[in-house]
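Below: the structure, in structure tokens.
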Amino acid sequence: MKSKLPEVGTTVFSVMSALAAETGAVNLGQGFPDFNCDPLLIDAVTLAMQEGHNQYPPMAGVPALRSAISTKIQQLYGHLYDADHEITVTAGATQAIMSILLACVHPGDEVIVIEPAYDSYVPAIKLAGGVPVFVSMQLGANGYSIDWDQLAAAISPKTRLLLLNSPHNPTGFVLQESDIAALTRIVQHTQLLIASDEVYEHMVFDGQRHESLARYPELAARSYIISSFGKTYHVTGWKVGFVAAPRALMTEFRKVHQFNVFTVNTPMQLGLARYMAAPQPYLELADFYQKKRDKFRAGLENSRFKLLPTHGTYFQCVDYSAISQKSESEFAQWLTREIGVAAIPVSAFYHQGHESGIVRFCFAKQDATLENALQRLQAI
Ligand code: GLN
Numbered sequence: 009m010k011s012k013l014p015e016v017g018t019t020v021f022s023v024m025s026a027l028a029a030e031t032g033a034v035n036l037g038q039g040f041p042d043f044n045c046d047p048l049l050i051d052a053v054t055l056a057m058q059e060g061h062n063q064y065p066p067m068a069g070v071p072a073l074r075s076a077i078s079t080k081i082q083q084l085y086g087h088l089y090d091a092d093h094e095i096t097v098t099a100g101a102t103q104a105i106m107s108i109l110l111a112c113v114h115p116g117d118e119v120i121v122i123e124p125a126y127d128s129y130v131p132a133i134k135l136a137g138g139v140p141v142f143v144s145m146q147l148g149a150n151g152y153s154i155d156w157d158q159l160a161a162a163i164s165p166k167t168r169l170l171l172l173n174s175p176h177n178p179t180g181f182v183l184q185e186s187d188i189a190a191l192t193r194i195v196q197h198t199q200l201l202i203a204s205d206e207v208y209e210h211m212v213f214d215g216q217r218h219e220s221l222a223r224y225p226e227l228a229a230r231s232y233i234i235s236s237f238g239k240t241y242h243v244t245g246w247k248v249g250f251v252a253a254p255r256a257l258m259t260e261f262r263k264v265h266q267f268n269v270f271t272v273n274t275p276m277q278l279g280l281a282r283y284m285a286a287p288q289p290y291l292e293l294a295d296f297y298q299k300k301r302d303k304f305r306a307g308l309e310n311s312r313f314k315l316l317p318t319h320g321t322y323f324q325c326v327d328y329s330a331i332s333q334k335s336e337s338e339f340a341q342w343l344t345r346e347i348g349v350a351a352i353p354v355s356a357f358y359h360q361g362h363e364s365g366i367v368r369f370c371f372a373k374q375d376a377t378l379e380n381a382l383q384r385l386q387a388i
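The letter at position 58 of the sequence shown is residue 66 when you use full-length UniProt numbering, and the numbering goes up by one with no holes.
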């Protein structure tokens, strides 16, 4: 059969998690917590099932959950999305991204991708018939940044959509107000749509705030905002997320969504809605992960790894060029097999071959797991 994605293999996350399991390595590769969620959330979902909420919910999602999402966005970012027409619950952020691209991108349309980029973006663009146009982040003394002049230069009459991600996986880059100003200037005289992947919205460190595009009416008017309960509530395996967008954009999104998954499982949606009715400790989540970041960084401070800055997400990138000249993929494999700590090569987030001697660790782990990994990494 002629492949639609000839260059695609199995995702690096599956490959590295399988290798970690096979070798017994501490898995700091694939991004997921190794601790459980709040038992109250499990109770809320269990109760919903016991009450018999086990059949199809409405296509766009359980109304109580859409309403809770709308309230949350308004409280945090000051933008009111109409829960009936402007919010849809999705099967994680991955399905949201796929459906946005299928809804917006016509064959031959260009989509701007900022590299390094989450690995689902480019295959999703291609399946939609689009053409990815790459803009590389710059790596300087203060970590990664976006060169907005380069991004502006990448826009052509064929550009349909820009895919943005902040806080950024894998670099930990976080959009600043100055980035928002540059972005606003660039898009204001265009028809460009934006898909803003904000799944790590509550993991922003050092007192900074998350610059959701929902805060900025001019940008919100052309944006799909994407988030994931998997990250926020430590339940990546539940695969529940959402999209918020102005009504006209959401209408097109739902046309695809209804034939892509139709809808998302009822009891988890209802459980999440009831759980969200209580005050939410989003600030505590940033604090919780900042402590883990600081612990992990402190442990590597005197090692041969060079730590890159991490302002958000639960990922830490390190430069290993003082240790090895192996390719990132070979180094990640070596680290897993020989040192017993799995990592993700950052080259997996590039699409035209890019090696910079950097791998990514996930620090969403119990302190004991981090300590175990640190002991092994310090010994290199
Ligand atoms: N987003 C997670 C990561 O970056 C992995 C998700 C997945 O396995 N597809 O590690």
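Glycine included, every Cβ here is placed at the ideal spot set by N, Cα and C.
Computed from a predicted model, the values in this text were never measured in an experiment.
Does the stretch 184-196 come into contact with the stretch 73-81, if we say contact requires no fewer than three beta-carbon pairs (one atom in each stretch) closer than 8 Å?
Touching, no.
What residues are listed by DSSP as bridge partners for residue 405?
Since the first residue of the chain shown is 9 and the last is 388, residue 405 is not available in this structure.
Expressed to the nearest angstrom, what Euclidean distance is found between the alpha-carbon atoms of Leu55 and Glu292?
Rounded to whole angstroms, Leu55 to Glu292 spans 26 Å at the Cα level.
C-alpha distance - Ala294 paired with Glu346, whole-angstrom precision:
So the alpha carbons of these two residues sit roughly 33 Å apart.
Looking at Asp42 and the ligand GLN, is the gap between the Cβ and the nearest heavy atom below 8 Å?
No - the ligand GLN has no heavy atom lying nearer than 8 Å to the Cβ of Asp42.
Of all the beta strand (DSSP E) runs that stay within the bounds of the stretch 192-236, which reach a length of 3 or more residues?
Here the runs fully enclosed are 201-205, 231-236.
Using only the alpha-carbon positions, how far apart do Val130 and Asp117 sit?
Straight-line Cα distance between these residues: approximately 13 Å.
Glu260 vs Ala111 beta-carbon contact at 9 Å
Contact flag set, yes.
Going by the DSSP bridge assignment, what does Pro140 pair with across the sheet?
Val119.
Between the C-alpha atoms of Leu170 and Cys325, what's the straight-line distance to the nearest angstrom?
If you take the alpha carbons of Leu170 and Cys325, they lie about 25 Å apart.
Going straight from the alpha carbon of Ala252 to that of Met145, what length do you get?
The C-alpha of Met145 is placed about 26 Å away from the C-alpha of Ala252.
Can you list every residue whose CB sits closer than 6 Å to some heavy atom of the ligand GLN, going in chain order?
Counting only beta-carbon distances shorter than 6 Å to the non-hydrogen atoms of the ligand GLN, the qualifying residues in chain order are Thr19, Phe21, Gln38, Gly39, Asn177.
Three-state secondary structure assigned by DSSP to Ser75
Correct three-state label for Ser75: helix.
Integer-rounded CB distance, given that Asp327 should sit under 8 Å from Leu316
The beta-carbon distance between Leu316 and Asp327, rounded to whole angstroms, is 7 Å. This is short enough to meet the 8 Å contact definition.
Is His319 buried or exposed, if buried means 16 or more other CB atoms sit within 10 Å of its CB?
It is buried - the Cβ of His319 has at least 16 other Cβ atoms within 10 Å.
Minimum C-alpha distance to Val182 - residue among Tyr290, Ile202, Glu209, Thr274
The shortest C-alpha to C-alpha distance from Val182 to any of Tyr290, Ile202, Glu209, Thr274 is the one to Glu209.
Determine the burial state of Lys12: buried for a count of at least 16 other Cβ atoms within 10 Å of its Cβ, exposed for fewer.
Here Lys12 is exposed, its C-beta having fewer than 16 other C-beta atoms within 10 Å.
Cβ-Cβ separation, Ile366 to Ser311 (assumed contact under 8 Å), whole Å
Actually they are not in contact, since the Cβ atoms of Ser311 and Ile366 sit about 15 Å apart, beyond 8 Å.
Given a cut-off of 9 Å, decide if Thr98 and Val272 are closer than it, judged by their beta-carbon atoms.
Going by C-beta atoms, Val272 is nearer than 9 Å to Thr98.
Along the chain, where does the beta strand (DSSP E) containing Tyr64 start, and where does it finish?
Per DSSP, Tyr64 belongs to no beta strand (DSSP E) and is neither H nor E.
Bridge partners - Ser11, DSSP secondary structure assignment
DSSP lists no bridge partner for Ser11.
Measure the beta-carbon distance from His176 to Thr321 and round it to whole angstroms, keeping in mind my assumption that it falls under 8 Å.
Contact holds; Cβ gap of about 7 Å.
Where does the unbroken alpha helix (DSSP H) through Ala111 begin, and where does it stop?
Taken as a continuous stretch (DSSP letters only), the alpha helix (DSSP H) holding Ala111 covers 100-112.
Taking the alpha carbon of Val264 as the reference point, which residue from Ala104, Ser235, Asp127 has its own alpha carbon closest?
Distance from the Cα of Val264 is smallest, within the candidate group Ala104, Ser235, Asp127, for Ala104.
Kindly indicate which three-state DSSP category Asn173 falls into: helix, strand or coil?
If DSSP states are grouped into helix, strand and coil, Asn173 belongs with the strands.
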